[in-house]
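Asker: Residue numbers (my numbering): -7 to 242.
Even for Gly, the Cβ is constructed at its ideal location relative to N, Cα and C.
Can you keep this structure in mind? I'll have questions shortly.
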Amino acid sequence: MSFAAATDFVLTARIQLSGAQTLHDLHEALRTLTHGLSWDTRPAGPDAALEVTLGKRQELPLHATHAAGLTRFNTLHEQTRICRVHVSNVPPGFFQTLGFATALMEQITAFQSTPDDVTEAVAARIARCRFLYEGGHRYGFLMEESVLRYQTAVPEAMRGQLRHLLAVIPLASVSLGIIPSTARRTVWPLEAFYVHDDTMAVVETPTAEIKVAQPRELADYAKAFTGLAEMAMYGDADRALIRGAIDALE
């Protein structure tokens, strides 16, 4: 819950709901929100405002089983025309090779102690790349340079993954920007997020994918993407960064 007072008599607040609250819970939240405003008995005046925006945040387990979660994620991308993606930990699933995706899903499965469905989960993740080639989808990807350097898989798999990045840069559906580690930051490194057609954002955490549909939050993610894009390098500069990461593996 956040508050901002523009004047002595203007209060705005946003209450974020998880979806489990009752009407009684909402009533208590509103009472808490306005508690303490009665200390001043002067008339508030016609310009006073109390603005309450209600939003519902949906947290999806990551994943009840990984294959089911990734299949659901692919369905969302089928419905998306324009997607803006920022990653700071691993390459986007659209770009992942078989070797890299297998290493990554094995780590996730071990960390979360979930059923071993790595083969199915990798197949679902690799299937996502078809959206780059069909359906008229457009993708803007932003990647932190550190993603190129993390040893998420064995060197052979990492080299294959980085070479694959070079191969997808020319695709007409793809814009790939890499934010150099030496860039002067105007936006700090953020968690991975996907903005779908300005109607939904999906934020990835270690334990959940959080779907955000509240307009003000969506505007924040769009603003963050714009700021990150301004720091990124493209084209030949991108390729130089990727080749530098490949050379470092030799």
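(1) Counting only runs that start and end within the stretch 60 to 147, where is the beta strand (DSSP E) found for 3 or more residues in a row?
(2) Whole-angstrom Cβ separation of E222 and T178, contact assumed at under 8 Å?
(3) With a threshold of 7 Å on Cβ separation, who are the neighbours of T197 within its own chain once the five nearest residues in sequence on each side are excluded?
(4) Exposed or buried, D108, counting other C-beta atoms within 10 Å across all chains shown (16 or more means buried)?
(5) Taking buried to mean at least 16 other C-beta atoms within 10 Å of its own C-beta, is R208 buried or exposed?
(6) Is the beta carbon of V114 sitting closer than 8 Å to the one on T144?
(7) Excluding the 5 residues flanking Y125 on each side, which residues of the same chain have their C-beta closer than 8 Å to its C-beta?
(8) Reducing DSSP to helix, strand and coil, say where V179 ends up.
(9) In its own chain, which residues sit with a C-beta less than 6 Å from the C-beta of D189, not counting the 5 before and 5 after it?
(10) Could you spell out where the beta strand (DSSP E) holding Y226 opens and where it closes?
(11) How is A193 classed by DSSP in three states: helix, strand or coil?
(12) Under a three-way DSSP split, which group does L168 fall into?
(13) Is it buried or exposed, Y131, if we count other Cβ atoms within 10 angstroms and call 16 or more buried?
(14) Apart from the five residues on each side of it in sequence, which residues of its chain come closer than 8 Å, Cβ to Cβ, to L233?
(15) If distances are taken between C-alpha atoms only, which option among T67, G128 and S105 comes closest to T199?
(16) Counting only the same chain and skipping the five closest in sequence on each side, list residues whose C-beta sits under 8 Å from that of I238.
(17) Buried or exposed, going by whether 16 or more other CB atoms sit within 10 Å of the CB of A82?
(18) Which residue from Y186, Y142, G219 and A175 puts its Cα closest to that of H205?
(19) Just to confirm the assignment, what range does the beta strand (DSSP E) spanning A200 have?
(20) Quick check: what's the CA-CA separation for E112 versus M192?
Answerer: The relevant details are as follows:
(1) 74 to 79 and 130 to 136, all fully within the stretch 60 to 147.
(2) Going by Cβ atoms, the distance from E222 to T178 rounds to 7 Å, so yes, they are a contact pair.
(3) Taking T197 as the centre and dropping the five residues before and after it, the same chain places the C-beta of E183 closer than 7 Å to its C-beta, in chain order.
(4) With fewer than 16 other Cβ atoms within 10 Å, it is exposed.
(5) Exposed, because fewer than 16 other Cβ atoms sit within 10 Å of the Cβ of R208.
(6) Result no, Cβ atoms of V114 and T144 do not sit closer than 8 Å.
(7) L163 and S165.
(8) Three-state result, V179: coil.
(9) If the five residues before and after D189 are omitted, its C-beta is found closer than 6 Å to the C-beta atoms of T72, R73 and I74, all from its own chain and listed in chain order.
(10) No beta strand (DSSP E) contains Y226, which DSSP labels as neither H nor E.
(11) Three-state result, A193: strand.
(12) DSSP places L168 in strand when its eight states are reduced to three.
(13) It counts as buried.
(14) So the qualifying residues of the chain are E137, L140, I170, P172 and M225.
(15) Minimum Cα distance to T199 is reached at S105.
(16) Excluding positions up to five away in sequence, the list reads R151, L154 and R155.
(17) Before going on, a small fix: residue 82 reads as Val here, not Ala. Buried, because 16 or more other Cβ atoms sit within 10 Å of the Cβ of V82.
(18) One point to set straight first is that residue 205 is Ala, not His, in the sequence displayed. Minimum Cα distance to A205 is reached at Y186.
(19) Residues A200 to V204.
(20) Those two C-alpha atoms are separated by around 26 Å.
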